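Asker: According to the UniProt record's numbering, the stretch in the sequence shown is residues 1 to 261, in order. Just dropping this structure here.
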Amino acid sequence: MNKLLLISLWAIATSTITGDLNITPQVNAPKEITQTKVEVVKDPVKELYDEMKLQGIIKWDAFEQAMQGYQQLNPKNRNIMTIIDFTLPSTDKRMYVLDMKAKKLLYHNIVSHGRNSGEKFATSFSNKHGSFQSSLGFYYAEETYYGGNGFSLRLDGLEKGINDQARPRAIVVHGADYCSTDIIKSTGRLGRSYGCPALPRELTKPIINTIKGGSLMYIYAGNKDYLASTKFVKKHPLEPTSTLIATQHDEETGKSKTVLN
């Protein structure tokens, strides 16, 4: 009887051990990797704007529009670009001279507008003789000369019907006593010119010597009539570049993570 009981217990134990040895281990499902092609837009103009640290100094629209002209036109002096922002009052520093090669701001100063363009703000613009108004758009800053306002710089307007009468109208860069912080303190605004971008006397020579020789100047005002007429400033989508995004899906957690390839 005892022998039979021992044999039975041995049989049960052997069966249990054999069953355990035959258990197939659980294998997790492989992680699924999928790739999705997406469009990533890179804007070299925005990258330049950021690299030059112009945010909070030059309005993005003014810079972006100036760059459209800079890319389309062929100025003799591509190292320098000047922007004048007439959306700002004459009490603000609204002229910017940029070194496009060194990627830095060289001058940031006050500048006067034409007397019939407005008082503190320039709001009216003309290409006509005798208007005494400023003209918008793109110019080449050309040769220097000495005239009634001293050391001056001739401008060639590049946009027909918008500013192409600049040279015949004698629209030039020159210094003026009425363009000074003292005038702002006494009158609440700058004095005004006959249509010229007039500078503080102490900055006239260094700025003119920097921008002369065919550099590009853009006079900006966010003006709807100008934007409807100019052929150099157009709103257009940026050219996208493609990249692959790999999405790794974890079957255990049900979560996914995305990695740029």
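Quick reminder that beta carbons are idealized off the backbone N, C-alpha and C, glycines included. Predicted, not measured: the structure shown is a model, and the values here were computed from it.
(1) According to DSSP, simplified to helix, strand and coil, what is Leu-213?
(2) Provide the residue span of the beta strand (DSSP E) that contains Ile-141, from first to last.
(3) May I have a chain-ordered list of the alpha helix (DSSP H) segments no shorter than 4 residues that lie completely inside the segment 27-103?
(4) Relative to the C-alpha of Ala-62, which residue among Asn-77, Lys-46 and Ser-117 is closest?
(5) With DSSP as the reference, label Leu-190 as helix, strand or coil.
(6) Here's the rule: buried if 16 or more other CB atoms are within 10 angstroms of the residue's CB, otherwise exposed. What is His-108?
(7) Between the C-alpha atoms of Thr-204 and Phe-151, what's the straight-line distance to the nearest angstrom?
(8) What are the start and end residues of the beta strand (DSSP E) that includes Leu-153?
(9) On the criterion of 16 or more Cβ atoms from any shown chain inside 10 Å, does His-113 qualify as buried, or is it exposed?
(10) Tell me whether His-174 is buried or exposed, calling it buried when 16 or more other Cβ atoms sit within 10 Å of its Cβ.
(11) When you compare each of Asn-74, Lys-120, Tyr-194 and Val-233 to Ser-135 by their alpha carbons, which one comes out closest?
(12) Can you tell me whether Tyr-220 is helix, strand or coil according to DSSP?
(13) Using a Cβ-Cβ cut-off of 7 Å (strictly less than) and excluding sequence neighbours within five positions of Leu-21, which residues of its own chain qualify?
(14) Less than 7 Å between C-beta atoms, sequence neighbours within five positions excluded: which residues of the same chain meet that for Glu-64?
(15) With 16 other CB atoms within 10 Å as the buried threshold, where does Ile-57 fall?
(16) When the Cα of Lys-231 is compared with those of Leu-73, Met-52 and Tyr-49, which residue comes out closest?
(17) DSSP three-state call for Tyr-107: helix, strand or coil?
(18) Closest by CA to Leu-153, which one among Lys-224, Tyr-70 and Pro-197?
(19) Which residue wins for smallest C-alpha separation from Asn-163, given the options Ala-176, Ile-207, Asn-149 and Tyr-140?
(20) Tell me, please, whether the segment 207-223 touches the segment 89-107 by the rule of three or more beta-carbon pairs shorter than 8 Å.
(21) If you count every other CB in all the chains shown that lies within 10 Å of the CB of Ser-117, and 16 or more means buried, which is it?
Answerer: This is what the structure holds:
(1) Residue 213 is actually Gly in this sequence, not Leu. Correct three-state label for Gly-213: coil.
(2) In the sequence as displayed, the identity of residue 141 is Ala instead of Ile. Unbroken beta strand (DSSP E) run through Ala-141: 137-147.
(3) DSSP runs (the alpha helix (DSSP H)) wholly in the segment 27-103: 44-51 and 60-72.
(4) Lys-46
(5) coil
(6) His-108 should be labelled exposed.
(7) So the two alpha carbons sit approximately 8 Å from each other.
(8) 150-157
(9) buried
(10) buried
(11) Tyr-194
(12) strand
(13) Bear in mind that the predicted position of Leu-21 carries a pLDDT of just 49, short of 50, making it unreliable; the figure below should be weighed with that in mind. Taken in chain order, the list of residues that qualify is empty.
(14) Taking Glu-64 as the centre and dropping the five residues before and after it, the same chain places the C-beta of Val-45 closer than 7 Å to its C-beta, in chain order.
(15) With fewer than 16 other Cβ atoms within 10 Å, it is exposed.
(16) The shortest C-alpha separation from Lys-231 is found at Leu-73.
(17) Tyr-107: strand per DSSP, three-state reduction.
(18) Pro-197
(19) Tyr-140
(20) yes
(21) buried
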